[in-house]
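Comments concern the structure below.
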Amino acid sequence: MLEIRKIWGDTYLVNGEHLTQDFNEAVLLAYKNKEKIKNFEVDYMEISFWENLKNKIDFIFTILESWM
4 MLEIRKIWGD TYLVNGEHLT QDFNEAVLLA YKNKEKIKNF EVDYMEISFW
54 ENLKNKIDFI FTILESWM
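First residue of the sequence shown? That's 4 in our numbering, and the numbers climb one at a time after it.
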């Protein structure tokens, strides 16, 4: 069960710790350590700086190749 409480106006208290002014952000904070959000899994992977840089450079070359 989520612990999101509307305090006033558009301000929400999440799990008694976080204040946010956006309901969507409040839901994401509430599910931060959960595996599922409404019947679908949330997977993420951290990549290194070099892998991120390589992906960005590869994307640029892919765009250039398609343009030629």
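Virtual Cβ for every residue (Gly too), placed ideally from N, Cα, C.
Beta-carbon contacts of Asn18 that lie in its chain and below 7 Å, excluding the five residues immediately before and after: Glu6, Ala33
State the DSSP-derived secondary structure class of Lys35, mapped to helix, strand or coil. coil
Check Ile66 in the structure and name its three-state DSSP category. helix
List the DSSP bridge partners of Trp11. Thr14
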